[in-house]
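FYI, the numbering used here numbers position 240 of the sequence shown as 657, with every residue one higher than the one before it.
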Amino acid sequence: MRRFLFAVPLLAVVLLVAAFRSNDDLFELRKNFEIFGAVYEEIAAGYVNDVRPAPFMRAGIEAMLSQLDPYTQYYDQADMVDSRLLQQRNLGGVGITIGRRGNRLAVLAPDGDASAYRTGIRPGDILLQVGSTSTDNMTVQEANELLMGQPGTVIEVLVEREGESAPRTFALPRVRPSTNDVSWFGWLGQDSTDAIAYVKLEQFGDRSGREVKRAYRTLNRSMPLKGMVLDLRGNPGGILAEAIELVSIFVPNGSVVVTTRSRADDSIQEYRTDAEPYLPDTPLVILMDEFSASASEIVAGALQDMDRAVVLGRTSLGKGLVQIFRPLPHNATLKMTISHYYLPSGRTIQSAQYSSAAATVTVPILVDFETDNGRTVRGGRGVEPDVEVDLPGPTAIETALRQESAFFLFANEWVAEQCDQNGVCSGTDDELLSGFRTWIDERGLRLTTDLDLTVLELQVQSQETGFDGIGPELEALQAAMEVSKREQLDAMSDRMLFNLRNEIRSRLVADRELVQADLGEDRWVEQARELVSDESAVAGLLSGD
């Protein structure tokens with residue numbers, strides 16, 4: 418009887434998989450399902466100690482899926498219930514997405530708030546520890562539960578990064594995820610007379626296309642637009658249909674926005690716009706950064722391929738894989754990668770390859786493609802900007818401060834001590850900076866930089882290889898680095914003030930007001946405004962001349 422009961426769902430799975438495979442594979446599939454079922458039954462029934470069937474089966478499923486790309490995930494009924502309960506408790510998250518890489522927990526591309534990635538966390542980092550708990554034998558759901566907590570608190574994680582001998586510790590702030598798709602729209606410049614419209618889109622939810630169109634329509638009705646800036650920085654993507662609807666605002670009806678290609682049924686599916694464009698000719702600049710992913714890349718890449726928009730910023734993340742959710746028996750769910758996205762020029766935005774003995778998610782090598790106007794664009798590396806931002810990135814000390822969530826934590830204390838219930842704060846900029854420096858010293862923050870990690874690696878190698886005699890020189894180097902860090906802190910007062918003001922404002926004003934307040938100091942946005950205001954410059958970039 419036991420064998421028969423197991424065979425029923427097993428047969429259902431065989432039939433499901435067979436529907437997507439050729440007849441040549443059917444015998445191999447049946448054979449291996451029978452082997453898997455027999456091993457499971459023998460162990461569950463006859464192992465020397467009691468075996469809990471459900472965790473044992475889950476371990477087998479997760480081990481299989483770990484051989485695929487990290488976006489293919491299994492969720493049982495308990496996972497779905499726990500996720501809903503966590504949402505109902507109104508807890509804050511740290512903004513990282515976790516999956517499995519082999520038998521380890523790894524950081525994936527962002528598909529929600531990307532705040533943690535701004536502290537220095539990167540896709541591919543291996544999660545070794547959450548708080549004081551090792552991730553050995555930890556499930557994805559258990560890790561997510563540990564990472565969530567009361568908004569405003571911080572949790573430390575220990576990660577291992579490829580190419581680095583020492584693990585890194587990050588202090589990640591817990592924040593409530595954004596509930597708005599369009600967080601702010603309005604005019605750029607001193608007033609509306611320049612007629613440059615700005616829209617900040619945080620994610621692709623179920624109304625993103627309509628919200629963006631409504632924002633541009635509202636501004637266009639008050640004054641005809643002369644230029645537009647669409648800000649997709651940090652946007653992790655979301656619903657594909659909303660990306661198509663957004664693109665339809667700017668390009669002719671029936672334009673191919675993206676194509677998906679699936680190996681399972683050897684199908685190619687085109688996604689086209691199905692509405693007349695609202696703003697077909699108004700100059701458009703799209704802002705992107707390294708955290709823009711998936712649907713964001715589709716929008717920017719498609720409009721770039723059609724020579725409709727100039728992309729300004731940095732190369733995007735490069736997530737060009739399509740996932741769908743498939744229901745399984747007993748209220749379980751499988752999130753499975755089924756195809757690649759391809760942009761109108763024929764290029765893919767996928768920039769990483771996942772390979773194991775079981776399967777390989779392949780990507781093309783870097784290949785040149787052409788836009789409608791004959792401009793060269795590359796596939797296999799996300800979406801590269803037409804114009805890179807000519808602005809310096811964060812200094813090593815600023816990066817180290819973000820890794821410690823120093824701005825976030827200090828702002829919590831400053832607002833509690835210096836600001837009243839009406840959001841009015843006391844203290845000058847000099848007092849703010851002085852208080853921050855004192856706080857760093859009192860906390861004993863080491864401000865670990867990449868150079869610190871290099872010196873640590875040299876110390877370890879010198880001891881292991883018998884060159885420990887250079888220890889005093891390395892210690893002297895560390896002491897000199899500490900002096901240099903203090904000098905850099907003194908020299909970067911403007912950057913520290915910028916970060917501190919942003920964090921303090923975020924605790925005092927609503928999201929929409931925060932975006933608007935930040936625009937005045939956002940040099941990326943100012944560069945985009947200057948570019949889109951020069952219609953001939955935009956036309957020249959898009960013509961390929």
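Think of the CB as a built atom: it goes at the ideal place given N, C-alpha and C, for glycine as much as any other residue.
These figures come from a predicted structure and were not determined experimentally.
Three-state secondary structure assigned by DSSP to residue i
i: S665; result: coil
i: R475; result: helix
i: S772; result: strand
i: S756; result: strand
i: F708; result: coil
i: Y491; result: strand
i: E787; result: strand
i: V806; result: coil
i: F587; result: strand
i: K448; result: helix
i: I572; result: strand
i: Q838; result: coil
i: L696; result: coil
i: R798; result: coil
i: D939; result: coil
i: Y457; result: helix
i: D467; result: coil
i: V955; result: helix
i: M975; result: This structure gives no information on residue 975, because the portion of the chain shown stretches from 418 to 962.
i: Q876; result: helix
i: K643; result: coil
i: D542; result: coil
i: Q895; result: helix
i: V648; result: It should be pointed out that residue 648 corresponds to Asp in this sequence rather than to Val. Here D648 sits in strand by DSSP.
i: I703; result: strand
i: R627; result: helix
i: K736; result: coil
i: T865; result: coil
i: Q767; result: coil
i: S672; result: coil
Neighbour-count burial assignment, residue i, 16 or more Cβ in a 10 Å radius
i: Q770; result: exposed
i: Q620; result: buried
i: K736; result: buried
i: D803; result: buried
i: R650; result: buried
i: Q963; result: The first residue shown for the chain is 418 and the last is 962, placing residue 963 beyond what the model contains.
i: V425; result: Its pLDDT being 43, under 50, V425 is placed unreliably in this model, and the value from its coordinates should be taken loosely. The residue is exposed, with fewer than 16 neighbouring Cβ atoms inside 10 Å.
i: E920; result: buried
i: K617; result: buried
i: A817; result: buried
i: L808; result: exposed
i: G510; result: buried
i: R591; result: buried
i: G730; result: buried
i: S684; result: exposed
i: N652; result: buried
i: Q944; result: buried
i: I513; result: buried
i: N966; result: Limits of the chain in this structure are 418 at one end and 962 at the other, which puts residue 966 out of reach.
i: R400; result: An answer regarding residue 400 cannot be provided, because it is not within the stretch 418 to 962 covered by the chain.
Nearest neighbour of residue i, chosen from the options [CA to CA]
i: E707; options: L647, V800, G454; result: V800
i: L696; options: V571, K643, D542, T793; result: K643
i: Q546; options: V806, L720, F667, L589; result: L589
i: A692; options: V668, Q686, E714; result: V668
i: T536; options: T812, M645, K752; result: T812
i: N748; options: F473, I572, Y491; result: Y491
i: E787; options: S551, S960, F587; result: S960
i: D698; options: N829, L870, V465, V949; result: V949
i: R764; options: G730, I715, N637; result: I715
i: S851; options: T882, D907, N829, A897; result: D907
i: E899; options: P584, V872, L745; result: V872
i: K700; options: A710, T754, Q567, Y633; result: For the sequence presented, residue 700 should be read as Pro rather than Lys. If we check each option's Cα against that of P700, Y633 comes out closest.
i: E947; options: L751, D911, L894, M645; result: M645
i: I661; options: G718, A893, N637, F602; result: G718
i: R518; options: L544, G886, I538; result: L544
i: R854; options: C836, Q905, A833; result: Q905
i: F742; options: E848, T754, Y615; result: T754
i: V629; options: R680, A896, N597; result: N597
i: R521; options: D837, I452, R578; result: R578
i: Y457; options: E445, P472, L446, V778; result: P472
Contact test: residue i Cβ vs the ligand ADP heavy atom, cutoff 7 Å
i: D467; result: Judged by which ligands are present, the structure shown has none, so any question about the ligand ADP falls away.
Three CB pairs or more closer than 8 Å across the stretch 814 to 826 and the stretch 863 to 876: Touching, yes.
The stretch 623 to 631 / the stretch 656 to 668 touching (three or more Cβ pairs under 8 Å): Yes, the stretch 623 to 631 touches the stretch 656 to 668.
Meets three-Cβ-pair contact criterion under 8 Å: the stretch 721 to 735 and the stretch 757 to 764: Contact holds between the stretch 721 to 735 and the stretch 757 to 764, because three or more Cβ pairs, one in each stretch, are under 8 Å apart.
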